[in-house]
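Residue numbers (the working numbering): 4 to 170.
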């Protein structure tokens with residue numbers, strides 16, 4: 004039931020590669036549920052290309068910020084950057100939020116230099132211009148694009164949908 008990722012090490016760029024998935028149908032005899040088939044792949048599976056820097060668990064979290072009676076909205080960007088290469092990397096993360104009406108809000112942050120295999124948390128706020136709130140009557144959702152860059156190139160793009168709601 005829990006999503007997970009596995010690295011596909013040893014791939015040969017430009018050559019045919021074969022991915023073999025083995026499914027284990029065994030279950031504990033102590034389990035009494037008889038309705039489940041206990042095997043197979045029951046959810047979508049996808050292959051995701053990863054570059055020299057990987058953004059793990061890219062989250063977009065709405066934040067209502069009030070000073071006295073004036074309130075504004077931010078979207079907190081939160082995740083972990085990992086240097087998956089053999090060289091030092093200086094990653095950056097850029098976020099673009101598009102409202103249902105097309106208004107764009109954006110922000111970015113650059114992480115410190117990462118040694119090979121090193122991880123660092125990245126957190127920053129993106130101010131939302133002309134916020135459109137979500138409600139059951141008006142389910143306004145923002146299209147969020149999280150772009151991870153290193154060496155002047157985009158190496159990963161994550162897409163999220165997010166709603167801003169005050170109550």
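For each residue, glycine too, the CB sits at the ideal point set by N, CA and C.
Under the three-state DSSP convention, the category residue i falls into
{"i": "residue 45", "result": "coil"}
{"i": "residue 90", "result": "coil"}
{"i": "residue 51", "result": "coil"}
Separation of residue j from residue i, as counted between CA atoms
{"i": "residue 141", "j": "residue 104", "result": "12 Å"}
{"i": "residue 130", "j": "residue 89", "result": "35 Å"}
{"i": "residue 113", "j": "residue 125", "result": "9 Å"}
{"i": "residue 169", "j": "residue 110", "result": "22 Å"}
{"i": "residue 107", "j": "residue 96", "result": "17 Å"}
{"i": "residue 57", "j": "residue 138", "result": "34 Å"}
{"i": "residue 76", "j": "residue 50", "result": "35 Å"}
Assigned exposure category for residue i - 16 Cβ within 10 Å defines buried
{"i": "residue 120", "result": "exposed"}
{"i": "residue 43", "result": "exposed"}
{"i": "residue 159", "result": "buried"}
{"i": "residue 92", "result": "buried"}
{"i": "residue 33", "result": "exposed"}
{"i": "residue 21", "result": "exposed"}
Per DSSP, the bridge partner or partners of residue i
{"i": "residue 81", "result": "62 and 126"}
{"i": "residue 156", "result": "153"}
{"i": "residue 111", "result": "97"}
{"i": "residue 147", "result": "100 and 163"}
{"i": "residue 57", "result": "85"}
Closest by C-alpha distance to residue i, when choosing among the options
{"i": "residue 150", "options": "133, 100 and 143", "result": "100"}
{"i": "residue 133", "options": "127, 139 and 143", "result": "143"}
{"i": "residue 145", "options": "122, 81 and 63", "result": "63"}
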